[in-house]
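There are 2 protein chains.
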Amino acid sequence: MKIGILGYGNLGKGIECAVKNSKDAELYAVFTRRSPETVTVMTEGVPVFSADDLLSKKECIDVLILCGGSATDLPEQTPEYAKHFNVVDSFDTHANIPMHFEQVNRAAKEGGHTALISCGWDPGMFSLNRLYANAILPCGEDYTFWGRGVSQGHSDAIRRVKGVKDAKQYTIPVEAALEAVRAGENPNLTTREKHLRECFVVAEEGADLAEIEHTIQTMPNYFADYDTVVHFISEEELKAEHSEIPHGGYVFRSGVTGWNLEHKHMIEYSLKLDSNPEFTGSVLLAYARAVNRLHKEGQNGCKTVFDVAPAYLSPLSEEEQRAHFL
Amino acid sequence: MKIGILGYGNLGKGIECAVKNSKDAELYAVFTRRSPETVTVMTEGVPVFSADDLLSKKECIDVLILCGGSATDLPEQTPEYAKHFNVVDSFDTHANIPMHFEQVNRAAKEGGHTALISCGWDPGMFSLNRLYANAILPCGEDYTFWGRGVSQGHSDAIRRVKGVKDAKQYTIPVEAALEAVRAGENPNLTTREKHLRECFVVAEEGADLAEIEHTIQTMPNYFADYDTVVHFISEEELKAEHSEIPHGGYVFRSGVTGWNLEHKHMIEYSLKLDSNPEFTGSVLLAYARAVNRLHKEGQNGCKTVFDVAPAYLSPLSEEEQRAHFL
Chain Z
65 MKIGILGYGN
75 LGKGIECAVK
85 NSKDAELYAV
95 FTRRSPETVT
105 VMTEGVPVFS
115 ADDLLSKKEC
125 IDVLILCGGS
135 ATDLPEQTPE
145 YAKHFNVVDS
155 FDTHANIPMH
165 FEQVNRAAKE
175 GGHTALISCG
185 WDPGMFSLNR
195 LYANAILPCG
205 EDYTFWGRGV
215 SQGHSDAIRR
225 VKGVKDAKQY
235 TIPVEAALEA
245 VRAGENPNLT
255 TREKHLRECF
265 VVAEEGADLA
275 EIEHTIQTMP
285 NYFADYDTVV
295 HFISEEELKA
305 EHSEIPHGGY
315 VFRSGVTGWN
325 LEHKHMIEYS
335 LKLDSNPEFT
345 GSVLLAYARA
355 VNRLHKEGQN
365 GCKTVFDVAP
375 AYLSPLSEEE
385 QRAHFL
Chain P
65 MKIGILGYGN
75 LGKGIECAVK
85 NSKDAELYAV
95 FTRRSPETVT
105 VMTEGVPVFS
115 ADDLLSKKEC
125 IDVLILCGGS
135 ATDLPEQTPE
145 YAKHFNVVDS
155 FDTHANIPMH
165 FEQVNRAAKE
175 GGHTALISCG
185 WDPGMFSLNR
195 LYANAILPCG
205 EDYTFWGRGV
215 SQGHSDAIRR
225 VKGVKDAKQY
235 TIPVEAALEA
245 VRAGENPNLT
255 TREKHLRECF
265 VVAEEGADLA
275 EIEHTIQTMP
285 NYFADYDTVV
295 HFISEEELKA
305 EHSEIPHGGY
315 VFRSGVTGWN
325 LEHKHMIEYS
335 LKLDSNPEFT
345 GSVLLAYARA
355 VNRLHKEGQN
365 GCKTVFDVAP
375 AYLSPLSEEE
385 QRAHFL
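Right, here's the structure in full:
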């Protein structure tokens, strides 16, 4: 399976690593909107091409993995390239998924290709767990917690505050809330009760730290609804202690069964990830394998993780899957 | 969707409860190998028929759920009924799954029906989690723990010991082993290091308790390889404290990603079930929904949970699934 990567940021690099560690995938090329000569990839012998050259390489690529952002890149790129390639993206703007799905579906069907959108861990593995758990336990409550992990959007929001030189923000599930859910108490939790926000901020020289802290803690949408802790640290400390991109989270289904709904059940799925982009890239590559197979079977159009039988994700034969995993 | 249940033990009752709590399923009848007049079901108006009458009702049943045992019932029943019905079973004799799969596949294809075998939580949901996690993290280690829960097989083994009137055995994961796995230590664990066995035994009057304890603790295959604790209790206490059938367990994938495999990741799936048969019945009913749909699409033959796209399990439309779960 020959993989093309469009966009060589953290996610693109994560996919490159996943391809290296996979036995049935090969990286054909990385495509970038930057000047290709300014981009160096890790895989020996793999070329970097301009995104403008993509269409001329369509015969060489089994699945193109789109590594752009959900705000402006993917809404354009995925429908555009689904006409010419089998594609996988990680589109995660939840409210716009129905529209994105329709646009990609139309393009993929027009081009006779297979597309899979909104892949990764949330949306992605967490979505799968919500669906499976709801199908099994129709009577119950869902809970999703995120973290401990770096939120890029919240870190960016802090960096835009006057007097801030650099920053990293961690989303942290509130332990008491996790425990209440795990104990089957089915609590009603406010935003503040579910997650904490912890910020590590490098201030510019002479900046008003109290003012920065206040601006962050009262920032609407991002921080105002949360308990937010702000730590001021040096640039060196930020680099030394906060340059990784960990993440993770929990999906719970707390349900009941029985003639009188008298028996409780708890389904819990959790991820602890040292590298969010490398794990996300690994999920995308597994689904690229599925997309490649679905395309060979003539199953065209837009899919999500819900539409893909798990067997398509594994490099093993069906007999081996039954022997090893069933 | 009209459901037939063959076999009205704990699992059959669990399915009956799941049907009651599901909006798109209806119980057509329960079939039994006992005298039908000796069996009373919970659902008002639902008849109990002899298993001998099953074939005459084939037009009335969309999916027949087979609730027999894996040792002798299902190896005969599933291939036999897959010729005439869409069927779901919970066959769990791991070594014999390939043979069972082939026999059921042949019968289902011959009859133009859809069959799904080895469904439940292990095999079933745990299998799915092993497959998904291995597809995402090809470099890593798998760990499965069972419990705390009642093992029917081990309880039966104790009941066969001379001087034992009744017994209940709990399989319990060793906390230190769970913690070592969760911490990403990838330990090599012996059988004894993974699980404890705790037995609650009602002895016959005048029985030699020390002898019973010794016989249990040294019983090959069942207890000899484990640390086994034996508690002697009264019949009343057994009834009051140990008449439920809880179970559960954990599936871990501890893997690495990165150019030099430098980032660790932990995927953990766990179940805490107040009622093993009701949860298992709920999984079987969700897969009965899938089997019914696959059959309508003409996808005949034998399937496992690996072959079923998650979307087939949910009573919601694909649009609703994307809106609620993605």
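First to last, the protein sequences are chains Z and P.
Mapping of the first sequence onto our numbering: position 169 corresponds to residue 233, and the numbering continues sequentially without gaps.
Mapping of the second sequence onto our numbering: position 165 corresponds to residue 229, and the numbering continues sequentially without gaps.
Using N, Cα and C, we set each Cβ at its ideal position, and we do this for glycine too.
The segment 340-350 of chain Z and the segment 319-328 of chain Z do not touch, with fewer than three beta-carbon pairs separated by less than 8 Å. Per DSSP, the unbroken alpha helix (DSSP H) holding D137/P starts and ends at 137-146. Identification of chain P residues near T292/Z by a Cβ-Cβ cut-off of 9 Å yields none; the smallest Cβ-Cβ distance measures about 27 Å. Cβ-Cβ distances below 7 Å link V225/Z to I276, T279, I280 in the same chain, with the five nearest sequence neighbours on each side left out; the list follows chain order. The alpha-carbon separation between I236/Z and Y314/Z amounts to approximately 11 Å. DSSP lists Y333/Z, V315/P as the beta-bridge partner residues of Y333/P.
Per the C-alpha coordinates, the member of S318/P, D220/P, Q216/P positioned closest to S339/P is Q216/P.
Three or more pairs of CB atoms, one per stretch, sit closer than 8 Å, so the segment 202-213 of chain Z contacts the segment 248-266 of chain Z.
The beta carbon of D126/Z sits no closer than 8 Å to any beta carbon of chain P. Secondary structure of E308/Z (DSSP, three-state): coil. At a cut-off of 8 Å between beta-carbon atoms, H327/P makes contact with chain Z.
Every unbroken stretch of the alpha helix (DSSP H) spanning 4 or more residues and falling wholly within the segment 126-207 of chain Z is given here in chain order: 137-146, 161-175, 189-200.
A contact is defined here as three or more CB-CB pairs under 8 Å, and the segment 122-130 of chain P fails this definition with respect to the segment 157-175 of chain P. Rounded to the nearest whole angstrom, the CA to CA distance from K229/Z to L302/Z is 11 Å. One thing to note: A221/P has its Cβ no nearer than 8 Å to the Cβ of G175/P. Linking P284/P to R223/P through their CA atoms gives a straight-line distance of about 15 Å. Secondary structure at F287/P: coil, using DSSP grouped into helix, strand and coil. Straight-line measurement puts the Cα of A82/Z at about 11 Å from the Cα of D88/Z. If you compare the alpha carbons of P379/Z, R386/Z, H388/Z, A387/Z with that of N85/Z, the shortest gap goes to P379/Z. For the pair of segments examined, the segment 91-101 of chain P was found not to touch the segment 235-250 of chain P: the number of CB pairs separated by less than 8 Å stays below three. Proximity of D371/P to chain Z, defined by a Cβ-Cβ separation below 8 Å, is satisfied.
Taking a C-beta distance under 8 Å as the contact criterion, H329/P and F343/Z qualify as a contact pair. Using a Cβ-Cβ distance cut-off of 8 Å, the segment 175-188 of chain Z and the segment 139-156 of chain Z are in contact, since at least three pairs of beta carbons, one from each stretch, lie closer than that value. Contact annotation: G365/P and A199/P have beta-carbon atoms that are not nearer than 8 Å.
Within the DSSP secondary-structure output, G213/Z pairs in a beta bridge with T235/Z. The alpha-carbon of G270/P is positioned some 17 Å away from that of F264/P. Straight across, the Cα-Cα distance linking T107/Z with R357/P is about 44 Å. Interface flag for V347/Z against chain P is set, since a Cβ pair is found closer than 8 Å.
Annotation: N169/Z has no Cβ neighbours in chain P at a cutoff of 7 Å; minimum Cβ distance is about 11 Å. Assigned with DSSP and collapsed to three states, T96/P falls in strand.
In the DSSP assignment, the residues bridged to K328/P are V320/P. When beta bridges are read from the DSSP output, F264/P appears opposite K232/P, H295/P. Annotated as proximal: P341/Z and I309/Z, with beta-carbon spacing under 8 Å. For I79/P, DSSP records no beta bridge to any residue. Any Cβ of chain P closer than 8 Å to the Cβ of A375/Z would place that residue at the interface, and such an atom is present. Looking at the DSSP output, K367/Z shares a beta bridge with L180/Z.
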